């Protein structure tokens with residue numbers, strides 16, 4: 138069909154509704170290859186107009202009288218090619234870059250179908266490493282069904298969800314059940330029984346490496362029976378030792394990074410060091426959160442006498458019931474690790490306080506240097522205040538050369554002085570005399586700064 142020329146194709150795509158009233162008259166216009174006298178053309182036009190429910194036109198010409206007013210030249214001027222196929226179907230002509238409701242529904246259905254297909258029966262399998270009562274590895278990365286694990290160890294399905302390695306879980310937990318202890322801390326997700334330990338394999342390079350180291354120490358600790366502790370407590374001790382070692386290693390790493398950066402800020406302050414400080418502060422905050430959550434998990438277990446008594450799995454297996462208050466051995470074990478975790482938390486808090494204090498001091502130094510720059514600008518402006526005053530000296534024939542020479546000498550002197558002053562102001566540091574100290578001795582890494590240079 139044809140479209141009035143005062144509309145381009147873009148506007149027609151966006152706003153086709155104003156042309157519905159004039160569509161009936163345009164349907165009556167002759168089209169190339171189609172005769173208006175044919176019954177198919179008339180039937181097609183009437184069906185299209187009826188489908189759109191067009192109201193009667195008040196200014197339409199009866200008996201096709203208006204057709205003779207359009208000449209071929211004016212018709213070429215007043216019309217432009219445009220497809221009314223969307224209007225014939227009774228649908229709005231939509232933009233190609235904006236998805237319709239049907240496309241959104243189809244996309245949602247495709248995503249839902251993909252998610253549902255991903256939950257295949259293989260997802261009900263867990264990879265586990267099993268250690269027997271003698272501390273020997275019985276199964277390495279074996280495939281076990283969740284239903285079999287629940288029935289064998291008398292667990293609920295929701296308990297396995299907490300230790301499923303594929304589900305991200307940041308909150309550490311120690312849960313006491315009828316025949317097992319469920320532990321979920323950092324890189325360790327384990328099920329401890331009176332005569333076996335089930336380790337759920339973790340995915341990822343760092344976690345896998347820590348998991349391998351922990352498996353070696355756990356196997357060695359379970360084979361050693363001279364401590365007087367029952368099997369489950371030796372396994373729990375190995376788990377807590379591995380968690381504590383991981384926290385200490387990360388604490389030392391962050392302390393060296395942040396300490397070295399703060400030492401560099403004493404000599405010079407720039408944007409790159411601020412970016413590094415921001416990155417290290419975020420890592421320190423995440424570490425503090427993990428350490429505090431582990432401390433809270435240990436304290437929560439220590440506050441529950443029923444859970445402490447339920448963790449004596451060997452006595453349950455040998456039908457030796459214990460009283461709720463008879464858990465001194467386990468309480469001492471957990472308290473020792475809780476105190477060590479508390480020390481790590483306090484040390485991380487001290488580092489965070491040092492970072493915040495450094496940031497405040499740096500802000501004060503930057504404010505002081507900004508004020509110094511403003512004072513220098515005021516001095517330069519005040520020096521140029523009397524530059525346009527007139528005197529009788531300019532009438533002298535040698536006045537120009539004399540004034541130019543004096544001005545050049547004074548300008549060069551002032552420029553050199555100001556440049557040196559500006560360079561001194563821009564060199565920001567937390568300590569005074571940083572440049573002289575840097576000139577006396579070469580730069581050394583942070584672990585070697587306090588040692589004598591004659592050793593190297």
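In this note's numbering, the protein residues as written are 138 to 593.
A virtual CB, placed ideally from N, CA and C, is assigned to each residue, including glycine.
Remember, predicted model here, so these are calculated numbers, not experimental data.
Per-residue burial, residue i [other beta carbons within 10 Å of its own, 16 or more giving buried]
i, result
"residue 265", "buried"
"residue 447", "buried"
"residue 330", "buried"
"residue 277", "exposed"
"residue 488", "buried"
"residue 387", "buried"
"residue 246", "exposed"
"residue 321", "buried"
"residue 494", "exposed"
"residue 544", "exposed"
"residue 309", "buried"
"residue 389", "exposed"
"residue 517", "exposed"
"residue 102", "Because the chain here runs from 138 to 593, residue 102 falls outside it and cannot be looked at."
"residue 434", "buried"
"residue 467", "buried"
"residue 552", "exposed"
"residue 379", "buried"
"residue 167", "Note on residue 167: pLDDT 48, under 50, position unreliable in the model; the coordinate value appears next. So residue 167 counts as exposed."
Residue i versus the options, residue with shortest Cα-Cα distance
i, options, result
"residue 316", "298, 287 and 261", "287"
"residue 290", "455, 480, 392 and 318", "318"
"residue 394", "417, 402, 354 and 292", "417"
"residue 427", "473, 486, 441 and 361", "486"
"residue 496", "455, 462 and 406", "406"
"residue 272", "320, 308 and 356", "356"
"residue 421", "547, 295 and 492", "492"
"residue 556", "522, 534, 514 and 538", "514"
"residue 396", "380, 413, 283 and 539", "413"
"residue 479", "280, 297, 384 and 293", "384"
"residue 499", "348, 402 and 382", "402"
"residue 474", "337, 336, 551 and 436", "436"
"residue 328", "242, 297, 510 and 552", "297"
"residue 275", "240, 248 and 336", "336"
"residue 295", "307, 279, 314 and 280", "314"
"residue 430", "323, 553, 270 and 411", "323"
"residue 408", "374, 465, 464 and 503", "503"
"residue 507", "532, 561 and 270", "561"
"residue 270", "548, 240 and 361", "361"
Supposed close pair residue i, residue j - CB separation, criterion 8 Å
i, j, result
"residue 376", "residue 300", "No, residue 376 and residue 300 are not in contact; Cβ-Cβ is about 12 Å, not under 8 Å."
"residue 333", "residue 268", "6 Å"
"residue 424", "residue 391", "6 Å"
"residue 352", "residue 372", "No, residue 352 and residue 372 are not in contact; Cβ-Cβ is about 12 Å, not under 8 Å."
"residue 432", "residue 482", "6 Å"
"residue 438", "residue 471", "6 Å"
"residue 261", "residue 283", "5 Å"
"residue 281", "residue 292", "With 8 Å as the limit, residue 281 and residue 292 do not qualify as a contact, their Cβ atoms being about 12 Å apart."
"residue 381", "residue 477", "6 Å"
Worksheet entry | Continuous beta strand (DSSP E) assignments of at least 3 residues falling wholly in the region 274-356 | Those beta strand (DSSP E) runs which fall completely within the region 274-356 and span 3+ residues are 274-282, 310-313, 318-322, 325-329 and 334-337.
Fill in: the region 449-467 / the region 358-373 touching (three or more Cβ pairs under 8 Å)
Yes: at least three Cβ pairs fall under 8 Å.
Discussion item. Closer than 8 Å is the cut-off here; do at least three beta carbon pairs connect the region 343-358 with the region 430-443?
Written reply: Segment contact: the region 343-358 against the region 430-443, fewer than three CB-CB distances shorter than 8 Å; contact not assigned.
Discussion item. Quick check on the DSSP output: what are the complete beta strand (DSSP E) runs of length 3 or more inside the region 464-516, in order along the chain?
Written reply: Within the region 464-516, no run of beta strand (DSSP E) at least 3 residues long lies entirely inside it.
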